[in-house]
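Residue numbers (the numbering used here): 21 to 405. We treat Cβ as the ideally placed atom computed from N, Cα and C, and that holds for glycine. Being a predicted model, the structure only gives us computed values, none of them experimental. Report on the following structure.
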Ligand SMILES: *Cc1c(COP(=O)(O)O)cnc(C)c1O
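Now the structure itself:
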């Protein structure tokens, strides 16, 4: 049996896979089992932000794997301490909890918000408000937090208590669900899975001001839009708000699983010994790789994100078949007819793009070669016609 047949026979059928078996990746080029090459505009869903097998990342990861691949959180290790310091220094946050994925980071954030609300005497029944169209992960609390009814079928009930939903960019809708039990509001600055929509600036600023005044925590889920993806290290920086908790994952690892919860001053000591944990969390190999990632997210790289955003939007805005272009930086949604059909056609022609609802979703590597970017855009334009 070939890989596709083995996969279909032995792997649980949870994914609607594209018709390609990838075997190799270098920079922004993927190779499949037949040796065909593809320009990659997906980065494995915003994961390989510096491209596949990025040299500094690879050197850090292989060196750490050879020295000490795991130690358990019962002991101190260098890479996690170094990474936590870098994350705090670059964001102004105070402490970090490490886990292995976006959904786990959000679970931790939810626990922090609940404990903070209870211990500060705000409420004994904490509620968290999230936005419609959001995506926060697949474990039960993060899934309940996810504001999409289509992801809440009755077969997985009962869901987790303590979540309410508001319409994005509609402060009145938020006012209808906020109450004395509201412990936190969790938002994605740019909703990814929900259709690549950036929140309105005025809305998020107003929401953040209200939360601060009422003692409600602001949690920014930067799992997808973080780590340089939108042209700043974290997307909230462009909105001039200061979240109390930031969750991130995907692009931080550049291919290895890692999640991080950044805790602001208010909540930095909420989690005490025994409150939370993770066997693989703070894995030295993943953390060494993430240190190499963070070091490369500098002004030059971020300016490059803005430049590439301009190249893409200049080419696609108003192009034949393009109804609109949404998003920020290199997290872009292209509204068009039959996005999935068009993504399949791109793949046939050697270009990997993703979809989000009725849009084609572009998440190229932050450092994608400009010539390659233009070549991919020419294919995309041809398919969109
Ligand atoms: C992908 C994603 C998650 C879930 O991350 P996993 O690593 O798949 O658990 C959570 N929030 C957002 C915004 C995401 O894009």
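Item	Value
Between residue 198 and residue 239, is the Cβ-Cβ spacing less than 8 Å?	no
Excluding the 5 residues preceding and the 5 following residue 91 in the sequence, name in chain order all residues of the same chain whose CB lies nearer than 7 Å to its CB.	97, 304
Rounded to whole angstroms, how far is the Cβ of residue 60 from the Cβ of residue 70, which I believe are closer than 8 Å?	Contact flag wrong, Cβ pair sits at about 12 Å.
Considering residue 174, what are the terminal residues of the beta strand (DSSP E) in which it resides?	No beta strand (DSSP E) contains residue 174, which DSSP labels as neither H nor E.
Distance check for residue 233 and residue 34, CA to CA, integer angstroms please.	43 Å
Just to confirm my understanding: we take residue 397, look at its own chain, exclude 5 residues before and 5 after, and list those with CB closer than 8 Å. What are they?	331, 332, 335, 336
Please state whether DSSP places residue 185 in a helix, a strand or coil.	strand
Pairing CB atoms from the segment 192-208 with CB atoms from the segment 308-326, are three or more of them under 8 Å?	no
Is it true that the CB of residue 371 sits closer than 8 Å to the CB of residue 58?	yes
Where in the segment 102-169 do unbroken runs of the alpha helix (DSSP H), each at least 4 residues long, occur, reported from the N-terminal end onward?	122-139, 160-165
Beta-carbon within less than 7 Å of residue 84's beta-carbon, same chain only, minus the 5 sequence neighbours each way: which residues are those?	99, 304, 305, 308
When the distance is taken between beta carbons, is residue 265 closer than 8 Å to residue 376?	no
Would you mind giving the Cβ-Cβ distance between residue 182 and residue 147, rounded to the nearest angstrom? I have them listed as a contact below 8 Å.	5 Å
Just list the residues that DSSP pairs residue 393 with in beta bridges.	Answer is none; residue 393 lacks a bridge partner.
Restricting to runs no shorter than 4 residues, where is the alpha helix (DSSP H) found entirely within the segment 296-375?	304-316, 319-336, 359-368
Please decide whether residue 211 counts as near chain B, where near means a Cβ-Cβ distance under 8 Å.	In the displayed structure, chain B is absent; only one protein chain is listed.
So, is residue 170 buried or exposed, given that buried needs 16 or more other C-beta atoms within 10 angstroms?	exposed
By the three-class DSSP mapping on this structure, what secondary structure does residue 381 have?	strand
Under the three-state reduction of DSSP, which class applies to residue 228: helix, strand or coil?	helix
Considering only residues of the segment 274-298, which uninterrupted beta strand (DSSP E) runs meet the minimum length of 3 residues and lie entirely inside it, listed in chain order?	279-283
At the level of alpha carbons, what is the spacing between residue 53 and residue 366?	18 Å
Excluding the five sequence neighbours on either side, which residues of its own chain have a C-beta within less than 6 Å of the C-beta of residue 312, listed in chain order?	76, 77, 80
Within the same chain, show all residues whose beta-carbon is closer than 7 Å to that of residue 128, passing over the 5 residues directly before and after it, in chain order.	117, 119, 281, 296
Considering only DSSP beta bridges, list what residue 42 is partnered with.	52
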